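Novice: Just so you know, the working numbering puts 844 at position 68 of the sequence shown, and the rest follows in order with no gaps. All C-beta atoms in this analysis are idealised placements derived from N, C-alpha and C, irrespective of residue type, glycine included. These figures come from a predicted structure and were not determined experimentally.
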Amino acid sequence: MHYLILVATPMEINPLLSRSTVLSESITPSGVRIISASLGKKDFKVVVTGPGVINTAHGLTVYLEHYIDNSKEHQSSLLIIQTGIAGYFKDSGLEMGDIAVATSETYIHTGVNREISSFSSSCSSYPYDPLPFDLVPDCPMSRQGHFEFDCNMIQKSCSIIEKGLTDLSFTATSLNAVNPLTAVNSEIATNFEIAVNSETAVNSKRVTNFRAATNFSTEINQSQSISFSLMTGNFITVSAITSTTEHADKLFRAFDYPCMESMEGAASAHIAALYNIPFLEIRAGSNPVGIRDKKQWDIPLACQNASFALEALLEKGELF
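(1) Roughly how many angstroms separate the alpha carbons of residue 854 and residue 873, rounded to a whole number?
(2) Whole beta strand (DSSP E) runs in the region 865–939 with 3 or more residues, listed along the chain?
(3) When the Cα atoms are used, what is the spatial distance from residue 1017 to residue 825?
(4) Do you know whose CA, among 787, 818 and 865, lies nearest residue 1038's CA?
(5) First and last residue of the beta strand (DSSP E) that includes residue 814?
(6) For residue 814, collect the residues of the same chain with a Cβ closer than 8 Å to its Cβ; drop the 5 residues on either side in sequence, then sort them by chain order.
(7) How long is the line joining the alpha carbons of residue 1004 and residue 1064, rounded to whole angstroms?
(8) Please identify the residue among 836, 805 and 868 whose C-alpha is closest to the C-alpha of residue 1101.
(9) Are the region 878–889 and the region 1007–1025 touching by the rule of at least three beta carbon pairs closer than 8 Å?
(10) What three-state label does DSSP hand residue 947 in the structure shown?
(11) Which of helix, strand or coil does DSSP assign to residue 1038?
(12) Assuming residue 788 and residue 861 are in contact, meaning their beta carbons sit under 8 Å apart, how far apart are those beta carbons, in whole angstroms?
(13) Using a Cβ distance threshold of 8 Å, determine whether the region 922–930 contacts the region 1050–1057, with at least three qualifying pairs required.
(14) Hey, residue 1036 and residue 863: beta-carbon distance below 8 Å or not?
(15) How close, in whole Å, do the beta carbons of residue 918 and residue 905 come, if the pair is a contact with beta carbons under 8 Å?
(16) Mind checking which residues open and close the alpha helix (DSSP H) that includes residue 1092?
(17) I need the DSSP call for residue 1010, collapsed to helix, strand or coil.
(18) Between the Cα of residue 1077 and those of 1066, 912, 782 and 792, spot the shortest distance and give me the residue it belongs to.
(19) Look up residue 970 in the DSSP assignment and say whether it is helix, strand or coil.
(20) Quick one: give me the first and last residue of the alpha helix (DSSP H) that residue 1059 is part of.
(21) As a quick exercise: from 1094, 1087 and 881, pick the residue whose alpha carbon is nearest that of residue 1033.
(22) Taking only three categories from DSSP, how would you classify residue 779?
(23) Cα separation between residue 811 and residue 833?
(24) Tell me, to the nearest whole angstrom, how far the beta carbon of residue 823 is from that of residue 808; I am working on the premise that it is less than 8 Å.
(25) Taking 8 Å as the limit between beta carbons, can you name the residues of its chain near residue 839, skipping five residues before and five after?
(26) Give me the Cα-Cα distance between residue 1040 and residue 1047, rounded to the nearest whole angstrom.
(27) May I ask you to report which of helix, strand or coil DSSP gives residue 942?
(28) Would you call residue 803 buried or exposed, if buried means 16 or more other Cβ atoms sit within 10 Å of its Cβ?
(29) Within 10 Å of its beta-carbon, does residue 816 have 16 or more other beta-carbons around it, so buried, or fewer, so exposed?
(30) On the DSSP letters alone, give me the boundaries of the beta strand (DSSP E) that residue 797 sits inside.
(31) Where does residue 844 sit, in a helix, a strand or coil, going by DSSP?
(32) So, with DSSP's three-state summary, where would you put residue 859?
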């Protein structure tokens, strides 16, 4: 299996690269950064696309057209992993630094806008009606910018991440109590924290608590705890960052209770669909959707936690 990791910015992959061996690095004429690296026995590529849907679509297409063997045999063994930070919807049950694996992606600006009143109320028209044509051949859901992902691969990736984190010196302990008010629309949830707390559990089919042990990372002091949850859910992609909690609430209701908002995921999912390449998206929450006060953000924590999940997946994973 060949791993291609997509990130919008270098900071989102730097924690993983700091624990890997960088083999080579190049920059395309348009500024796309391509890195070859290895972690243990696994080689992988990183494409730093730049933020936003256009940069992401461009960066991934450049790589697929010019930097890999485009034979069907090679593409069949390629897995594209979009990762990085994202805004998280509080009503999904996620908290700062938590990890989510996407079950679907939706580019919310795709479709036919029904709204005929003032611009200020345009959010009420979400989701848009379908376009009268497929954006991806034989994929009707693409008419609304919607892409569903392989459920079996998602579940397997979560299991691999759990096992990998355990081997990275996290200790698993089962939770008995579940608080149904802390999550919405979640199939898998895993809570990683320094101490067992039943109130942090998520209402889902599967709930597991992890307690951090020592020496799980050279970058973390032994006296410092790390806490994050792992769950699955719908993601949405935007080109205009959500800046109010009111708008966040409308999006949460309109798009089937998403757990995360980013600016790249649907674009990479779209390109992956065009090339018929398997796709996975793993992100960590850096800020609540709709909150622009950066004092309430924690970007370094999100970058670090996303890298922990990727490291676990790379070291333990063979998804197909």
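Specialist: Walking through what the data contain:
(1) Approximately 28 Å between the Cα atoms of the pair.
(2) Positions of the beta strand (DSSP E) runs, each at least 3 residues long and wholly inside the region 865–939, are given as 875–883 and 922–924 in order along the chain.
(3) Distance between the alpha carbons of residue 1017 and residue 825: 18 Å.
(4) The option with the nearest alpha carbon to residue 1038 is 865.
(5) Residues 809–815.
(6) The beta carbon of residue 814 sits closer than 8 Å to the beta carbons of 796, 797, 799 and 820 from its chain, once the five residues preceding and following it are set aside; these are given in chain order.
(7) Spanning the two alpha carbons is a distance of roughly 15 Å.
(8) Nothing can be reported for residue 1101: it is not among the residues displayed for the chain, which extend from 777 to 1096.
(9) Yes: at least three Cβ pairs fall under 8 Å.
(10) Confidence at residue 947 is low in this model, with a pLDDT of 48, below 50, so the placement of that residue should be treated as unreliable; the coordinate-derived value is given next. The answer is strand: DSSP assigns residue 947 an E or B state.
(11) The answer is strand: DSSP assigns residue 1038 an E or B state.
(12) That belief holds up - the Cβ atoms of residue 788 and residue 861 are roughly 6 Å apart, short of 8 Å.
(13) By the criterion of at least three beta-carbon pairs nearer than 8 Å, the region 922–930 is in contact with the region 1050–1057.
(14) Yes; because the gap between Cβ atoms is below 8 Å, this pair is in contact.
(15) No, residue 918 and residue 905 are not in contact; Cβ-Cβ is about 14 Å, not under 8 Å.
(16) It spans 1075–1092 - the alpha helix (DSSP H) in which residue 1092 sits, taken as one unbroken run.
(17) In the structure shown, the three-state DSSP call for residue 1010 is strand.
(18) For the residues 1066, 912, 782 and 792, the minimum Cα distance to residue 1077 belongs to 792.
(19) Note that residue 970 scores a pLDDT of 37, beneath 50, so its modelled location is shaky; the value from the coordinates is reported in the next line. Reduced to three states, the DSSP call for residue 970 is coil.
(20) Premise fails: residue 1059 lies in the beta strand (DSSP E), 1055–1064, not in any alpha helix (DSSP H).
(21) The residue among 1094, 1087 and 881 with its C-alpha nearest the C-alpha of residue 1033 is 881.
(22) DSSP, read as helix, strand or coil, puts residue 779 in strand.
(23) The straight-line gap from Cα to Cα measures roughly 18 Å.
(24) A Cβ-Cβ separation of about 6 Å places residue 823 in contact with residue 808 under the 8 Å criterion.
(25) Here the set comprises 780, 808, 810, 821 and 823.
(26) Going by C-alpha positions, residue 1040 is about 11 Å away from residue 1047.
(27) Helix.
(28) It is exposed - the Cβ of residue 803 has fewer than 16 other Cβ atoms within 10 Å.
(29) Its Cβ having fewer than 16 others within 10 Å, residue 816 is exposed.
(30) For residue 797, the enclosing beta strand (DSSP E) begins and ends at 797–803.
(31) It is coil, neither helix nor strand.
(32) DSSP places residue 859 within a strand segment (E or B) once states are collapsed to three.
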